Amino acid sequence: MKLNKYFERSLWVFHLNTGSCNGCDIEIVAGLTPRYDLERFGIKLVGSPKHADVLLVTGPVTSKMLDRVKRVYEQTPDPKAVIVVGACGTSGGVFYNSYNISGSVDKVIPVDVYVPGCPPRPEAIINGVLQAWIKLENLRESMKTAQAK
Amino acid sequence: MTSISLFEILVKIIGAIVIAFLGVVIGLFYKGIDRKLAARMQARVGPPIRQPFMDFFKLMIKENIVPQNAVPWIFNGAPIMALVSSITILLYLPVGNISPLLSGYGDIVLIIYLLTLPAIGMVVGGFASGSPYASVGAQREMVMMMSYELPLVTVVVAFGWKLSQVYPHLNIFSLTVINAHPIWELVGPLGFIGAILLFITLAAVTPGELSKVPFDAPEAETELAGGILVEYSGRNLALFGLADAVKIIVMTSLTVALFFPYNISHLLALSGAFALIVDTLFFLVKIFLVMFVEVTFIRVAVARLKIDQVSFAYWVPVSIIGFLGLMLIVLDTIIV
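Chains U and R, in that order, give the protein sequences. Just so we're aligned, residue 1 is where the first sequence starts under our numbering, counting upward by one. Just so we're aligned, residue 1001 is where the second sequence starts under our numbering, counting upward by one.
Put into structure tokens, the structure is as follows:
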């Protein structure tokens, strides 16, 4: 696995709803509107996890979604980053310890960036995707140093 | 085999490599312009023009996943088939006043056949993916292929028939001949209207051939999650992206060769290398304008049609417009 400098300028995002109330989803879609225009950073919302570089997960993981979340994560080709959007995905939110919830997203799959808020503003989500850039950048740097050694 | 023909073969091979490289680069560049213009029309800033290049280089380093129930050699072969067949068409298309590289070896009828190959590559890849979404996408692509062939062939037949009436001794289906005799100069007022109708037909076929909105039902992202391409990732997806970019150049070049084969070098009284450069630049401007009208503008202006609406649109209204254009050209010739 190697990373090049084009990677951060062309992040394709797959949006996964694991039981969200649609509040965060609306805010993600708002990021694509002319007002925020995520496409100017090369960020594109794709329909299939196979095309994605970043998983944007919203909502607490319900018992029914537990297996699906894992499978979608495994279907996303490496290298990848996971961003959790919203209070529910970050900690469980108002559904904390609920009987039909498996818990927050980071109990199921490794999470790189948390974007708290209920729902977070589109600016916060864009900032979260930028943090994912930094994560991938660090990954690239560490690989470079590893190769140098 | 003589040494001269060996030299010719060498020239053709080098020419093919150069054309393939230029076709891919210009195709990606035009795709970037297309995305930028579409964004500007929606009052967005839009991605930088080199965005398709960055997408391509990113996809090349991504992991290449082959699904468990896919047929690996077909699954991996389909993107190569799509790319190679679309680049092959480029070798038969004239650029400015440069005649096509393989001008003596194939004509527009061969191009019609070759145009189906990228689509067939996608269909085969879709079926080999072993995913219900991809299968539905592949079925839709097949329905579309069956729908847009008739109007496309009508346009070509109209050109061939008209040329055969005016110049019976020429090879009427050769693109060099079509390029040398623009349709607008051969026809009277009635035929002029017919030629405009034929242009509308080809302009309607182009988005279908390229799977662009409103005819992008096979790749519908909102319903089919990417349709044919749903299981493709990494290198294979990048190759499909390249094939798509080259196909834009192919279809716009075909439109230019059929309807706007004019050059400007003789107006500027240029000759030699300057004329070649000016005509090639003018050709790039022409295919840009055609792309803007046939792809970008239509893509932004309208929404996606359902597959039955696509089929109906091609079989009934577009075909009727095409036949009307053909009949007007025939009437024009018979009456005069």
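Cβ atoms here follow ideal geometry from the backbone N, Cα and C, with glycine treated the same way. Fair warning: this is a prediction, and the values are worked out from it, not measured in the lab.
- Counting C-beta atoms within 10 angstroms of its own C-beta, P1072 of chain R has fewer than 16 neighbours from the protein chains shown and is therefore classed as exposed.
- Under the rule that a run must span 4 or more residues, the alpha helix (DSSP H) segments found entirely inside the region 1123-1171 of chain R read 1132-1166.
- Comparing alpha carbon positions, the residue from R:D1216, R:V1156 and R:Q1051 closest to V1025 of chain R is R:Q1051.
- Residue-level contact check: V1124 of chain R does not touch chain U, since none of the beta carbons of chain U fall below 9 Å from its beta carbon.
- For the pair R121 of chain U and L16 of chain U, the Cα-to-Cα distance works out to about 18 Å.
- Counting only the Cα atoms, P1048 of chain R lies some 37 Å from A1269 of chain R.
- Beta-bridge partners of N17 of chain U (DSSP): U:T58.
- Taking the beta carbon of E1221 of chain R as reference, the chain U residues within 9 Å of it are L45, V46, G47 and S48, listed in sequence order.
- Just so you know, the alpha carbons of L1258 of chain R and R1040 of chain R end up roughly 30 Å apart.
- Taking C-beta atoms as the reference points, I1277 of chain R and T1252 of chain R fail to come closer than 9 Å.
- Within the region 1224-1285 of chain R, the complete alpha helix (DSSP H) segments of 4 residues or longer fall at 1234-1259, listed in chain order.
- The Cβ atoms of S1086 of chain R and V1246 of chain R lie closer than 9 Å to each other.
- Residue state for I109 of chain U is assigned as coil, using DSSP reduced to three classes.
- Any Cβ of chain U closer than 9 Å to the Cβ of M1054 of chain R would place that residue at the interface, and such an atom is present.
- Secondary structure of Y96 of chain U (DSSP, three-state): coil.
- According to DSSP, G1023 of chain R shares a beta bridge with no other residue.
- Taking 9 Å as the cut-off, the beta carbon of I101 of chain U is found closer than this to the beta carbon of S63 of chain U.
- Shown here, Y114 of chain U sits in a strand according to DSSP, grouped into three states.
- Residue-level contact check: E39 of chain U touches chain R, since one or more beta carbons of chain R fall below 9 Å from its beta carbon.
- Among the residues facing chain R, H15 of chain U is not included, as its CB has no counterpart in that chain under 9 Å away.
- Excluding its 5 nearest sequence neighbours in each direction, M1060 of chain R has C-beta neighbours in its own chain below 8 Å: G1234, R1235 and A1238, listed in chain order.
- Nearest CB-CB separation between D112 of chain U and chain R: not below the 9 Å threshold.
- For F1282 of chain R, the nearest beta carbon of chain U is not closer than 9 Å to its own beta carbon.
- Within chain R, no residue has its CB atom less than 9 Å from the CB of F95 of chain U, the nearest being about 27 Å off.
- When the beta-carbon positions are compared, V1109 of chain R and M1145 of chain R stay at least 9 Å from each other.
- Counting C-beta pairs with one atom in each stretch, the region 1204-1211 of chain R and the region 124-144 of chain U have fewer than three that are closer than 8 Å, which means they do not touch.
- Within the region 1027-1058 of chain R, those residues whose Cβ lies closer than 7 Å to any Cβ of chain U are, in chain order, A1039, Q1042, A1043, R1044, V1045, G1046, P1047, Q1051, M1054, D1055, F1057 and K1058.
- A Cβ-Cβ contact shorter than 9 Å links K135 of chain U with V113 of chain U.
- Residue contact check for N1069 of chain R against chain U: no CB pair falls below 9 Å.
- Taking the CA atoms as reference points, K80 of chain U sits about 58 Å from E1185 of chain R.
- In chain order, G1130 place their CB closer than 6 Å to the CB of N1069 of chain R, counting only its own chain and leaving out the 5 sequence neighbours on each side.
- Counting along the chain, the unbroken beta strand (DSSP E) around A81 of chain U starts and ends at A81 to V85.
- Here the alpha carbons of P1182 of chain R and I1074 of chain R stand approximately 42 Å from one another.
- In this structure Y1148 of chain R is buried. Its beta-carbon is surrounded by 16 or more other beta-carbon atoms within 10 angstroms.
- In this structure, the alpha-carbon of Q75 of chain U lies about 6 Å from that of P49 of chain U.
- For P122 of chain U, there are no neighbours in chain R by C-beta distance under 7 Å, as the nearest C-beta there is about 14 Å away.
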